[in-house]
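To start, the structure under review is shown below, and the notes come after it.
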Amino acid sequence: TVGAVAIDAEGNVASATSTGGRLNKMVGRVGDTACVGCGAYADNYVGAASPTGCGEEIMKVTLCRLILFHMEQGKSPKEASDIALAYMFERVQGFGGVVVLDKTGDWAARFNSKQMSWAAAKDDQLYNGLYKDE
Amino acid sequence: MIPVIVVHGGAGHISEERVELSRQGVREAVLHGYRILQRGGTALDAVEEAVVQMENNPVFNAGRGSVLNELGDIEMDAIIMDGKTLNSGAVSAVRRIANPIKLSRLVMEKTNHVCLTGHGASRFAKAMGIPEVPEEFLKTDYSRMRWKKNLPPGSNPVQCQMGKMG
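Chains A and B supply the protein sequences, listed in that same order. The opening residue of the first sequence carries number 1201 in the numbering used here; numbering runs sequentially from there. The opening residue of the second sequence carries number 6 in the numbering used here; numbering runs sequentially from there.
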């Protein structure tokens, strides 16, 4: 799965996600990616999120909307992502990751899987990582 | 507002020999999106372009390089969402399309619906003038190899879980 979130100079946020799905999935299987709130969410009032990981488990907790809910409650993108990913693991043993930003441009790339490749650009600075704590 | 873009290339297992390709792929994708933002473009255009770059990169599980289903075919899902309007467009189980994210955006902008699936999505793509690509173009040697080696039930649970990731 691949995905992106962005905020532009006007303060508008957007989210996009695309995937081939799960290896060896049943014909006709639809995962989280096509579902609003699961495979993406974006709201100028809060921020935007794009996930990757175990699609069925992401759907069960509506991961992106859950992250934005925590941001609405005052959590940072990093805190909201960690809370939601921990909840997904605790409740449905789901692994995955997310890229998230809020309406101020604060951003996070967080995951509870072994790896997630990510990159970010802000203020002409490029950031990227693959393993935890990168 | 200072423009920002963040991308991911998936949380599934990345083998050692593909680590650098994956790092390079997400860096290139984020820079393509960032250039749009630097020129005053919209967040919507930036995320679409970043995802297109990764769909075109066979390293990632999207577009060309997608994993295979139980029959060895490719069915893809994609979604895009505009935070200004809460408008959203998605496609699911779509086949023989190089860039499902572009089709998602057309669903958002040209229909009254949020998601089109399977045959309906293909029909809509044709109506929008999006060319079909051969299924073999989307398949890579790596995706064929992974399909053949797919872990059976009862294997190491962590590895099995990793294999379930999109």
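Virtual Cβ for every residue (Gly too), placed ideally from N, Cα, C.
Three-state secondary structure assigned by DSSP to residue i
| i | result |
| --- | --- |
| L1263 of chain A | helix |
| K1303 of chain A | coil |
| D87 of chain B | strand |
| K1322 of chain A | strand |
| D1243 of chain A | strand |
| I79 of chain B | coil |
| L101 of chain B | According to the sequence provided, residue 101 of chain B is Arg. The question's Leu does not apply to it. In the structure shown, R101 of chain B sits in coil (DSSP, three-state: anything other than H, G, I, E or B). |
| I135 of chain B | coil |
| A67 of chain B | coil |
| V1202 of chain A | strand |
| V1292 of chain A | helix |
| G1255 of chain A | helix |
| V72 of chain B | coil |
| A95 of chain B | strand |
| R1229 of chain A | coil |
| A16 of chain B | coil |
| M1271 of chain A | helix |
| S1281 of chain A | helix |
| S109 of chain B | helix |
| A1309 of chain A | strand |
| A1209 of chain A | coil |
| G159 of chain B | Low confidence applies to G159 of chain B: its pLDDT is 49, below 50, so where it sits in the model is not reliable enough to give any reading. |
Host alpha helix (DSSP H) of residue i (start-end)
| i | result |
| --- | --- |
| G125 of chain B | G123 to A132 |
| Q1336 of chain A | In the structure as shown, chain A starts at 1201 and stops at 1334, and residue 1336 of chain A therefore has no counterpart that could be examined. |
| G38 of chain B | V24 to Q43 |
| V57 of chain B | A48 to E60 |
| S1215 of chain A | Per DSSP, S1215 of chain A belongs to no alpha helix (DSSP H); it is in the beta strand (DSSP E), V1213 to T1219. |
| R151 of chain B | D146 to K153 |
| L1223 of chain A | Neither: L1223 of chain A is in no alpha helix (DSSP H) and is coded neither H nor E. |
| E140 of chain B | E140 to L143 |
Residue span of the beta strand (DSSP E) that contains residue i, given as start and end
| i | result |
| --- | --- |
| H2 of chain B | As displayed, chain B neither begins before 6 nor continues past 171, which places residue 2 of chain B out of reach and without an answer. |
| V12 of chain B | V9 to H13 |
Review point. What residues in the stretch 1284-1302 of chain A have a beta carbon less than 7 Å from any beta carbon of chain B?
Key: F1295, G1296, G1297, V1299 and L1301
Practice item. With 9 Å as the C-beta to C-beta threshold (strictly closer), list the residues of the stretch 101-120 of chain B near chain A in chain order. Key: N104, P105, I106, S109, R110, V119 and C120
**Study point:** Touch test, the stretch 91-100 of chain B against the stretch 1269-1279 of chain A, Cβ-Cβ under 8 Å, three pairs minimum
**Key:** no
Check your understanding: Would the stretch 27-36 of chain B and the stretch 1304-1319 of chain A be scored as touching if the rule is three or more Cβ pairs under 8 Å?
Key -> As far as the Cβ criterion goes, the stretch 27-36 of chain B touches the stretch 1304-1319 of chain A, which means the pair count is three or higher.
Practice item. Count the C-beta pairs between the stretch 126-146 of chain B and the stretch 58-76 of chain B that are closer than 8 Å, then say yes if the count reaches three, no if not. Key: yes
Check your understanding: Which residues, in chain order, does the stretch 50-70 of chain B contribute to contact with chain A at a C-beta distance below 8 Å?
Key -> A51, V52, E53, A55, V56, M59, E60, F65, N66, A67, G68 and G70
Check your understanding: Between the stretch 1282-1300 of chain A and the stretch 1251-1259 of chain A, are three or more C-beta pairs nearer than 8 Å?
Key -> Verdict: yes, contact present.
Practice item. Mind the definition here: the stretch 52-68 of chain B touches the stretch 98-116 of chain B only if three or more C-beta pairs lie below 8 Å; say whether that holds. Key: yes
Exercise for review: Examine the Cβ distances between the stretch 75-82 of chain B and the stretch 13-33 of chain B and report whether three or more of them are shorter than 8 Å.
Suggested key: no
Review point. Relative to chain A, which residues along the stretch 71-96 of chain B have a C-beta separation below 8 Å, given in chain order?
Key: S71, V72, L73, N74, E75, L76, D78, I79, E80, M81, D82, A83, I84, I85, M86, D87, G88, K89, L91, S93, A95 and V96
Exercise for review: Could you please tell me which residues of the stretch 1307-1321 of chain A, in chain order, have their CB closer than 9 Å to any CB of chain B?
Suggested key: W1307, A1308, A1309, F1311, N1312, S1313, K1314, Q1315, M1316, S1317, W1318, A1319, A1320 and A1321
Review point. Quick one, which residues of the stretch 1202-1217 of chain A are near chain B if we go by CB-CB under 8 Å, in chain order?
Key: Flagged, chain order: V1202, G1203, A1204, V1205, A1206, I1207, D1208, A1209, E1210, G1211, N1212, V1213, A1214, S1215, A1216 and T1217.
**Study point:** Contact set between the stretch 16-39 of chain B and chain A, restricted to residues whose Cβ is under 8 Å from the partner
**Key:** The stretch 16-39 of chain B vs chain A, Cβ under 8 Å: A16, G17, H18, I19, V24, S27, R28, G30, V31, R32, A34, V35, L36, G38 and Y39.
Exercise for review: Assess, as a yes-or-no matter, whether the stretch 1279-1291 of chain A is touched by the stretch 10-21 of chain B under the definition of 3 or more beta carbon pairs within less than 8 Å.
Suggested key: no
Point to revise | Against chain B: residues of the stretch 1243-1262 of chain A by CB proximity under 9 Å | key: D1243, N1244, Y1245, V1246, G1247, A1248, S1250, P1251, T1252, G1253, C1254, G1255, E1256, E1257 and I1258
Review point. Given a limit of 8 Å on CB to CB distance, which residues of the stretch 1261-1281 of chain A reach chain B?
Key: Against chain B - using a Cβ distance shorter than 8 Å - the stretch 1261-1281 of chain A contributes no residues.
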